Amino acid sequence: MQTSNEPIITVRGLACAYGETPVLTGVSFDVAHGEVFVVIGRSGCGKSTLLKHMIGLIKPVDGSITLAGRDIVLAEGEERLEILKGIGVMYQGGALFGSMTVAQNVGLPLEEYTSLPEEAIEAVSRVKLAFVGLERFGDVMPSELSGGMVKRAAIARAMALDPAILFLDEPSAGLDPVTSAELDRVIRSLAETLGITFVIVSHELPSILSIADRVILLDDKARGIVAEGDPRDMHANSTDPRVRRFFDREARVPSAPMPTEAAPNTQEARP
Amino acid sequence: MKHAVSASIPSPARQALSLEEAAPGGLVLRLLGDLNAATVAGIWAPAMAAARRPGLSSLAVEIADAAYIDGSGLALLVSMQSEARRQGAQVSLTGLPERYAPLLALAEKSVSDAAPQEADGPRHAAFGERELRQLFAETRLLVSFIGECSLVVYTSLRHPKTVRWADVLRSALAVGVESLPILLLIGFLMGLIMSFQSVITLERFGGEIYVPNMLGLVMFREMGPLVTAILLAARSGSAFAAEIGTMRVNEELDALTTMGISPVRFLVGPRILSSLAVVPLMTLFFNFASLIGGALVMVSIGFPLVTFTSRVFANVHHAELFGSFFKIMIFSLLVAGVSCLRGLRTGGGASAVGRSTTAAVVSGLILITVADGLFAVLFYYFKI
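Residue numbers (numbering that gives the first Met the number 0), protein chains in the order written: chain A, 0 to 270; chain B, 0 to 383.
If you want it as structure tokens, here you go:
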């Protein structure tokens, strides 16, 4: 798919904190049009915090975040609303509205921001649900869905307005391998056919290796990015201990010996 | 490109949609340009009307100059095709950019397998039968809950060590101490308003001297326990239902059960015990505040304070005090019990917690009122 040369997301010098405690400092990266960009790292490194800053839920201590040419940190009022209409977010727990059916959840952004008739909104909702394999569950309440189905419905809702950028917070967490693989195919298909840019927070290595065009690895000690690039290349070739610790831990199988804490170039105990 | 425009299509849609009669009963529907939410909104109605045309034998959809097709466009295509097929028409689609073919295939699932999921159990029970079954189930649950609560209270009294006293104290703090400001304010205002209104009426007959007597009797016998119980239901009953309801939604109650801990003993017991412990004092504080309000009115119309204090308890005897004490204990048991029960019965989702909270307050108020009526009759017959 032909994409623009300018990045669709630009983050420069981002600094985030919880109260007085710094979480991330000096984070800078770009995301290209139509790219599947994955933020990886161990728990507590600031992945979800970074995501929340990028979608405008939290104001950073310092730095700028530009989505499709507009600065979400500084934007207010109508301008901010326009930015938000151009993105979709899938939260870690789904965050579906419990008082509406699944189809009504998906149709809510369409009701608010389009002039499509009711019949069209219902049809579009069902199409979005079909994209995630939930075409038969439109009339069901969210409380009646399993955890994995809630996430899929949440992705359908995030796609309701066909946004240019979709942010997904741990989409594969809680899904069985078959459903996870199906979801990966949907993500790739949407990226390739509709040119949607994906920013995904994940630590599911099979998914990451399957769908990510590029990843950044965050580290809590460094409070920033310690590696950036093709995840397959990182997995195969990186010698950075922080990268190895992430990829080797995620790839560990039950019969394999536990990796040692020593860096790869240190020697075993001398005789 | 040749356009054969149907006269029924409104002007703005003419730019994006055109219809041409084909073979007898057939239609060629041309969609020009991108298909997104904005363009589809204008052509949805005429496009669907075309697909639903009675006697349609074939529908050929031709897409042209569509660089971008979003979910709305895909929904339009599959909906038109589905409606046409429903009438037995032959359907064809040309001009769709190849990259949208996988998405169209996915979108077609939204109309082919769109039967809603059936809930468990039969849906065709008669109207009255369903309500009766529900009422029977609710009554059974209520009886079972009353039994379980009674057992918890009895066990607590016999084996105080089994009680989570820290939780009881924490609950007592929230139910009693933190409600004092509102209790005193409402008590003061009620005493003031009742005395004031009574003075206005009775001074026509020179009977304002009896206002302190009336205030003491009414407050200690009736209004004190009743209004305290209403405040308990509104403030603490709703909190009990919301707390326990949220725990139900977060599966914390399931966690207790799988640990072998009874949610009734762990959650309901401390709340009932704390309510029973603090409501007599709450009632006294309420009554006291109302007497201050009444005293203010009497002093303001020229009566000395000593007149008020000597007359206010003239008609309040042990029977009134113990009767009101007994009433408020029963009221608090009903309010705390039904609130906790509503919390335990919460369904799924945030809206269910809201419903439980509302039901807790409403049920509490109804039970208080019914019980108060029964007490009135009972006290009359026992000449209390």
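For every residue, glycine included, the Cβ atom is placed at its ideal position computed from N, Cα and C.
Quantities reported herein were computed from a predicted structural model and do not represent experimental measurements.
Item: Quick test of your reading: A:Gly147 and A:Gly173, contact by CB under 8 Å. State the CB separation rounded to the nearest angstrom.; Value: 6 Å
Item: With a threshold of 6 Å on Cβ separation, who are the neighbours of A:Val214 within its own chain once the five nearest residues in sequence on each side are excluded?; Value: Val37, Ile39 and Pro230
Item: Do we get a CB-CB distance below 8 Å when we pair A:Gly97 with the residues of chain D?; Value: The chain labelled as chain D is not found among the protein chains of the depicted structure, namely A and B.
Item: Taking C-beta pairs closer than 8 Å, name the residues in chain B that A:Arg125 reaches, listed in chain order.; Value: Ala74, Ser109, Val110 and Ala113
Item: Would you please verify whether the beta carbon of A:Asp161 is less than 8 Å from any beta carbon of chain B?; Value: yes
Item: Please return the same chain residues whose Cβ sits closer than 8 Å to the Cβ of A:Ala159, not counting the five positions on each side in sequence.; Value: Gly87, Val105, Gly106, Leu107, Pro108, Leu109, Val123, Ser124 and Lys127
Item: Could you name the residues that DSSP lists as bridge partners for B:Gln133?; Value: Its beta-bridge partners do not exist; DSSP assigns none.
Item: Which residues in the same chain as A:Tyr112 place their Cβ atom closer than 7 Å to its Cβ, once the five residues preceding and following it in sequence are excluded?; Value: Lys84 and Leu160
Item: For a contact meaning CB atoms closer than 9 Å, what does A:Pro141 contact in chain B?; Value: Gly347 and Gly348
Item: What residue from B:Pro279, B:Arg163, B:Met246 and B:Leu184 has the CA that sits closest to B:Arg384's CA?; Value: Here chain B covers residues 0 to 383 and nothing more, so residue 384 of chain B does not appear.
Item: If contact means a Cβ-Cβ distance below 8 Å, which residues of the segment 71 to 101 of chain B contact chain A?; Value: Ser71, Leu73, Ala74, Leu75, Val77, Ser78, Arg98, Tyr99 and Pro101
Item: Please list the partners that B:Ala173 has in chain A, where partner means a Cβ-to-Cβ separation under 7 Å.; Value: Correct list: empty, because the minimum Cβ distance to chain A is about 27 Å.
Item: How big is the Cα-Cα spacing for A:Ser63 and A:Thr48?; Value: 15 Å
Item: Check A:Phe28 in the structure and name its three-state DSSP category.; Value: strand
Item: Output needed in chain order: residues of the segment 235 to 260 of chain B with a Cβ under 8 Å from some Cβ in chain A.; Value: none
Item: Buried or exposed: where does A:Ala235 fall if 16 or more other Cβ atoms within 10 Å of its Cβ makes it buried?; Value: exposed
Item: Whose Cβ in chain B lies nearer than 8 Å to the Cβ of A:Thr113?; Value: Ala36, Ala37, Ala40 and Ser71
Item: What residues of chain A sit near B:Leu105, judged by a beta carbon separation below 7 Å?; Value: Ala129 and Phe130
Item: Does chain A have any CB closer than 8 Å to the CB of B:Ala44?; Value: yes
Item: Once the 5 residues before and after B:Ala118 are set aside, which same chain residues still bring their CB inside 7 Å of it?; Value: No answer about B:Ala118 holds up, because its pLDDT of 44 lies below 50 and its placement is not dependable.
Item: Does the distance from the C-beta atom of B:Ala63 to that of B:Arg98 stay below 8 Å?; Value: no
Item: Output yes or no for whether 8 Å exceeds the beta carbon distance between B:Asp33 and B:Ala65.; Value: yes
Item: What residue ranges within the segment 190 to 229 of chain A form continuous beta strand (DSSP E) runs of no fewer than 3 residues, ordered along the chain?; Value: 196 to 200, 213 to 218 and 223 to 228
Item: From A:Ala180 to A:Ala129, what distance separates their C-alpha atoms?; Value: 16 Å
Item: Could you tell me which residues DSSP pairs with B:Ile68 in its beta bridges?; Value: B:Leu34
Item: Which bits of chain B does A:Ser188 rub up against, with CB to CB less than 7 Å?; Value: Pro101 and Leu102
Item: Buried or exposed: where does B:Ala106 fall if 16 or more other Cβ atoms within 10 Å of its Cβ makes it buried?; Value: buried
Item: For B:Arg85 and A:Leu80, I'd like the C-alpha separation in whole angstroms.; Value: 41 Å
Item: Using the C-alpha atoms, what's the distance from B:Gly190 back to B:Glu147?; Value: 39 Å
Item: Secondary structure at B:Glu177, three-state DSSP: helix, strand or coil?; Value: helix
Item: Decide if B:Asp112 is buried, meaning its Cβ has at least 16 other Cβ atoms within 10 Å, or exposed.; Value: At B:Asp112 the pLDDT is 47, less than 50, meaning the model places this residue with poor confidence; the figure from the coordinates comes in the next sentence. By the neighbour-count rule (16 or more Cβ atoms within 10 Å), B:Asp112 is not buried but exposed.
Item: Along the chain, where does the alpha helix (DSSP H) that runs through A:Glu78 open and close?; Value: Gly76 to Lys84
Item: Quick test of your reading: A:Ala190 and A:Val35, contact by CB under 8 Å. State the CB separation rounded to the nearest angstrom.; Value: 5 Å
Item: Counting Cβ pairs closer than 8 Å, one from the segment 266 to 286 of chain B and one from the segment 368 to 380 of chain B, do we hit at least three?; Value: no
Item: Have a look at B:Gly348, B:Leu18, B:Met213 and B:Phe187 and flag the residue whose alpha-carbon is nearest the alpha-carbon of B:Val198.; Value: B:Met213
Item: Below 8 Å on the Cβ atoms is my guess for B:Val90 versus B:Ala83; work out the distance and round it to an integer in Å.; Value: 5 Å
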